[in-house]
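Visitor: Dropping a structure here in structure tokens format, bear with me for questions.
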Amino acid sequence: MMSEPTPKIILHNGRLHTLDPLLPSATALAVTGKQITAVGGDADILSMAGPKTRVINLDGRLVLPGLWDTHFHFFEWAKNLDSLALEKADSFSRMEEMIRERASRVPEGTWILGQGFNESEWPENRMPDRKDLDRAAPDHPVCIWRCDCHLAVANSRALEAAGIGNGFKAPEGGVVVTDDRGEPTGVLKELAINLISAQVPALTRAQLMDNLEKASARAHALGLTAIHDVRLMGGEDGAESLSVWQQFHRAGRLQLRCHVSLPGETVEQACQLGLTTGFGDDTLRIGWVKFFADGGMGARTGWMTEPYLDADFGMPLTPVEDIQRGVTMADRAGLSCMVHAIGDRACREMIQMFARVEAAGQSNCHLPHRLEHIQMILPEDLDRMARLKNLAASCQPNNLSLDISMIDQCAGERGKFAYSLKPIMETGLPLMLNSDAPVADPNPFAGIYSAVSRKRMNRTPAGGWYPEHRLTVEAALKAYTLTPARVSGCGDILGSLTPGKYADIVVADRDIFSVDPDTLAETKVDFTLFDGNIVHGS
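In structure tokens, the structure reads:
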């Protein structure tokens, strides 16, 4: 009779929050190969140790299932690891200073890219333009993205490289902002941004692979073991990203559970090829087909039922009938879809669209469709959404912390309908929380802080912003672990600390259930295990 293999790792003297209803808490677990093989008390688990077992005393630290980020522009994030981190610019002048500093260190003509500025939080509260960027870097093409990625600002050299000048006609679905004389101001919205992106020199395949590895290490340090890599606007990186991910996987370098989404404009080809959501192995799978209903509130392109206080109604990015045609085609072929919907009008239109697709009754999808962002939604549309059978909700609490001032400014009292996380959860639909990085910080503990406190990262406002929509820590944690595993079709192998599931495990430096909620974003990850191996910590 063969004996059971001895564990390679035992974690003990910890506080395990398992998310397994059969054993909600424990103090120890054993890992054998890639799997969790036992969960329980210290004495029972330690008795399983063999001479080669690595035994780690956790000194009472919290142990959680590996965390998911189910809306992460990961490939884009990895490509731009060296871009200026403008989310760190706390003023307009600091943004200019960061660009000048970079220009002084790189050869003339080198592209300078930045991501993450948020003018609504600056003391100056003003949008930069090409002249501002020209002053900061006159000898370099410059393009900087607003934190929501729906608006970018380019300087004169970048505009010239893209052929954008006086009288230029923006592409459909894009906006080139001009002044009274018809001159481009440098502000670009939605698909017009792709005109600049196309001019930026591409990384080599080897550079992309190295950046993916660096980005994966950063994800591990945040406790992330699974991601949904989501395409940005225009889908220009769709084929490239899927190809690079496959090569990265074949090379044995992929240490994340990764679902790779497909651009909506490729839906017909994907259906013809017979691709289905979830196809792949336990590390790399085909994800959702992504469509865009509208833009973003920061750019005033989110589609609204009432006009903004400082702009019109925003804009649909794709005709509703075109989205319904694509979703219907994908639904019948077994490809689940995700639709970006920010404004309350976009959310209403997409809920009605999904209801029509459901009513057709010809679905071959085994995983639910998804409504992404749901940044502003009216109560009557929440009721409509609750009646859908094959839909999951996907929201970004980190963005809430970025958007409080902006929404107050452009929507006023209607902000009470924004980031309605608790009402969305109360519909009964699966709710996944995520970051939308690089739009916001990919740190899931910052997301839990935002969902629980509804405050900016500086802990304001004191009582929380529309605090009636707050989630509990437990609810937020499930939306980063158990729920995304189930929505992704992986609930039997991931999402909880359960024997037989893969050993994707996080050890945190504090008990997020007992600390002051205002300190949740400061949580650090001491260890991350992926497939039973320690990939962060020592």
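Numbering (this note's numbering), first residue to last: 12 to 549.
Backbone N, C-alpha and C define an ideal beta-carbon position, used for all residues, glycine too.
Being a predicted model, the structure only gives us computed values, none of them experimental.
Where do the N-terminal and C-terminal ends of the alpha helix (DSSP H) with C282 fall, by residue?
Guide: Looking at the DSSP string, the run of the alpha helix (DSSP H) that includes C282 is 278-284.
Visitor: Tell me which same chain residues have a C-beta within less than 7 Å of the C-beta of L531, skipping the five on either side of it?
Guide: Closer than 7 Å at Cβ, skipping near neighbours: F456, I459, Y460, V463, I523.
Visitor: Pull up the CB-CB distance for W79 and A230, whole angstroms please, since I reckon it's below 8 Å.
Guide: Actually they are not in contact, since the Cβ atoms of W79 and A230 sit about 11 Å apart, beyond 8 Å.
Visitor: Between the alpha carbons of C376 and E107, how many angstroms are there, rounded?
Guide: When rounded, the distance between both Cα atoms is 49 Å.
Visitor: Let's test the definition: count the other Cβ atoms within 10 Å of the Cβ of E360 and tell me whether it reaches 16, buried, or not, exposed.
Guide: Classification for E360: buried.
Visitor: Just confirm the distance between the C-beta atoms of C154 and A163, as a whole number of angstroms; I'd bet it's less than 8 Å.
Guide: C154 to A163, Cβ: 6 Å. Contact.
Visitor: Pick out the complete alpha helix (DSSP H) segments inside the stretch 489-530, 4 residues or longer, and give them in chain order.
Guide: As far as the stretch 489-530 is concerned, its whole alpha helix (DSSP H) runs of at least 4 residues are 493-498.
Visitor: From A89 to H82, what does the alpha carbon distance come to, in whole angstroms?
Guide: Their Cα atoms are separated by approximately 14 Å.
Visitor: Taking just the CA atoms, how far does D537 sit from M12?
Guide: The predicted model places M12 with a pLDDT of 36, which falls under 50 and marks its position as unreliable, so this point remains unresolved.
Visitor: Where does C269 sit, in a helix, a strand or coil, going by DSSP?
Guide: Correct three-state label for C269: strand.
Visitor: Can you name the start and end residues of the alpha helix (DSSP H) that H231 belongs to?
Guide: Here the alpha helix (DSSP H) through H231 covers 216-232.
Visitor: Would a C-beta distance cut-off of 8 Å place A366 and R395 closer than the cut-off?
Guide: Yes, Cβ-Cβ distance for A366 and R395 is below 8 Å.
Visitor: Would you mind giving the Cβ-Cβ distance between L223 and F259, rounded to the nearest angstrom? I have them listed as a contact below 8 Å.
Guide: That pair is a contact at about 5 Å.
Visitor: Does the separation of the CB atoms of V187 and L199 fall below 8 Å?
Guide: In this structure, L199 lies closer than 8 Å to V187 by Cβ.
Visitor: Should A403 be labelled buried (16 or more other beta-carbon atoms within 10 Å of its own) or exposed?
Guide: Classification for A403: buried.
Visitor: Near N454, what residues of its chain come up, given a Cβ to Cβ distance below 8 Å and the 5 sequence neighbours on each side ignored?
Guide: Closer than 8 Å at Cβ, skipping near neighbours: L233, N409, S446, A532.
Visitor: What span of residues does the alpha helix (DSSP H) with F456 cover, start to end?
Guide: 455-464 is the span of the alpha helix (DSSP H), which, as asked, contains F456.
Visitor: Since I believe T277 is in contact with G628 (beta carbons under 8 Å), could you give me their beta-carbon distance rounded to a whole number of angstroms?
Guide: Residue 628 falls outside the range modelled here, since the chain spans only 12 to 549, and no answer is possible.
Visitor: To the nearest whole angstrom, what separates the beta carbons of Y319 and A422, a pair I think is in contact under 8 Å?
Guide: About 7 Å separates the two Cβ atoms, so the contact holds.
Visitor: For E391, does the three-state DSSP call read helix, strand or coil?
Guide: Three-state result, E391: helix.
Visitor: In whole angstroms, what is the alpha-carbon distance linking F128 and D419?
Guide: Those two C-alpha atoms are separated by around 18 Å.
Visitor: What is the DSSP secondary structure of M12, counted as helix, strand or coil?
Guide: Legend: pLDDT at M12 = 36, less than 50; position of this residue unreliable, no value from coordinates given.
Visitor: On a CA-only basis, which of H380, P76, Q280, H23 is nearest T539? Give me that one, please.
Guide: That would be P76, whose Cα lies nearest to the Cα of T539.
Visitor: By the three-class DSSP mapping on this structure, what secondary structure does D542 have?
Guide: In the structure shown, D542 sits in coil (DSSP, three-state: anything other than H, G, I, E or B).
Visitor: Do T48 and P472 count as a contact pair if the criterion is CB distance below 8 Å?
Guide: No, the pair does not count as a contact, with Cβ atoms beyond the cut-off.
Visitor: Give me the DSSP bridge partner(s) of T43.
Guide: T43 pairs with Q46.
Visitor: Where do the N-terminal and C-terminal ends of the alpha helix (DSSP H) with T339 fall, by residue?
Guide: Start and end: 331-344.
Visitor: Determine the DSSP secondary structure at Q373, reduced to helix, strand or coil.
Guide: The answer is coil: DSSP assigns Q373 none of H, G, I, E or B.
Visitor: Between R398 and M349, how many whole angstroms is the CB-CB distance? I'm expecting something under 8 Å.
Guide: Contact flag wrong, Cβ pair sits at about 20 Å.
Visitor: Less than 8 Å between the CB atoms is what I'm expecting for L92 and A228, so what's the real figure, rounded?
Guide: Rounded, the Cβ-Cβ distance is 11 Å, inconsistent with contact.
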